[in-house]
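Undergrad:
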Amino acid sequence: MKYFTLFLLFFSLSCQGQQKNQIIIDLDYFPDQKENVSDQSYHKAINILKITYDNVKNNSNQLNYADHINLATAFVYLKEPKSKVLEQFEQAKEKGLEETAELFPIIYSKESLRDYFSSAEYDSIVFKYKEIVANKKEEVFDLVAYTDQNQFDYDLVKFMADLAERDQRHRKANDNWENQNYLDSINILSIDSLFKQHKKYIGKSMVGEKFSHTMWAVIQHSELEQQEFYLPIVHKAVQDGDLKPVPLGMLIDRIYLKKYGYQIFGSQSGVDLADDETIQKVKFKYGL
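With the UniProt record's numbering, letter number 131 in the sequence shown gets 131, and the count goes up by one each step, no holes.
1. Could you tell me the alpha carbon to alpha carbon distance between His221 and Lys199, rounded to whole angstroms?
2. What does the Cβ neighbour count give for Ser109, buried or exposed, with the cut at 16 atoms within 10 Å?
3. Output yes or no for whether 9 Å exceeds the beta carbon distance between Met160 and Val207.
4. When the Cα atoms are used, what is the spatial distance from Tyr256 to Tyr262?
5. State the Cα-Cα distance for the pair Gln227 and Asn181, rounded to the nearest angstrom.
6. Between which two residues does the alpha helix (DSSP H) harbouring Ser190 extend?
7. Comparing the CB of Glu178 with every heavy atom of the ligand PLP, is any distance shorter than 8 Å?
8. Less than 9 Å between the beta carbons of Ile264 and Lys244, yes or no?
9. With DSSP collapsed to three states, give me the class of Gln268.
10. Please name the residue, chosen from Ile252, Lys204, Asp115 and Glu223, that lies closest to Phe152 on a Cα-to-Cα basis.
11. Is Ala120 buried or exposed, if buried means 16 or more other CB atoms sit within 10 Å of its CB?
12. Suppose contacts are defined by Cβ-Cβ distances below 9 Å. Is Ile219 in contact with Ile252 by that definition?
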């Protein structure tokens with residue numbers, strides 16, 4: 001299945017302005033498991049719902065386009081009625097048309113949405129979305145203005161911006177993994193150096209929301225030894241409000257996958273979940 005839990009792709013970092021046609025979301029909605037929904041799909045969906053609800057702090061007015069795509073993904077897993085899935089896609093488009101257009105073909109295959117769109121409907125949607133992406137005008141990010149407005153250290157923010165670019169240089173195009181692996185090995189050395197200097201996670205308080213997940217991304221793409229070393233640092237960053245909880249869950253999943261062959265939160269595509277007892281123990285340990 002091509003589509004997978006969106007929270008492993010998107011952290012809802014860039015909240016869009018609210019629209020007039022905002023719908024109210026029931027943040028206590030956890031439907032019962034249907035007979036045609038597997039245990040694994042059901043657990044993944046419930047995890048997505050819980051994390052998405054937590055991310056918006058139980059205030060549905062804070063839902064952004066990424067949150068709505070998360071909800072749509074959960075509803076697809078749960079085989080919810082077509083109207084509920086389409087409602088979330090419409091809200092995602094209202095709050096971030098270009099972003100939704102870019103993400104939709106990546107996350108959802110034709111097969112994954114066969115219960116919601118005919119083959120022709122799916123092809124039409126993807127064609128329109130690709131046109132939107134092709135016509136998208138790239139915004140120029142003003143690093144100087146960003147640091148001045150937020151009173152951040154320019155050199156540190158510039159360093160993190162460069163690090164973020166290197167982390168994604170070949171990943172988005174999926175075109176040169178040998179070079180990307182080399183960059184990953186260089187990037188983690190940079191993180192080691194930063195950590196020795198600052199003795200903490202470089203997150204929201206030091207570089208703002210835009211680069212709050214950069215240090216985590218490099219750790220996520222490092223070897224198991226580094227991931228285990230930085231896990232408590234990432235955990236503390238979440239506790240301190242320097243990083244959102246979703247990346248922590250993704251790091252835990254990556255570590256558990258490498259060590260045990262299963263995951264806790266469902267962020268790794270095609271990987272089995274741990275048993276319920278293990279899941280609850282890990283969630284309790286990390287407050288997730």
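The C-beta atom is built at its ideal place from N, Cα and C for all residues, glycine as well.
TA: Judging by the given coordinates:
1. His221 and Lys199 have their alpha carbons spaced roughly 21 Å apart.
2. exposed
3. Met160 is a Cβ neighbour of Val207, given a cutoff of 9 Å.
4. 6 Å
5. Taken atom to atom, the span from the alpha-carbon of Gln227 to that of Asn181 is near 15 Å.
6. Trp177 to His198
7. Judged by which ligands are present, the structure shown has none, so any question about the ligand PLP falls away.
8. no
9. Note: Gln268 maps to coil in three-state DSSP.
10. Lys204
11. exposed
12. no
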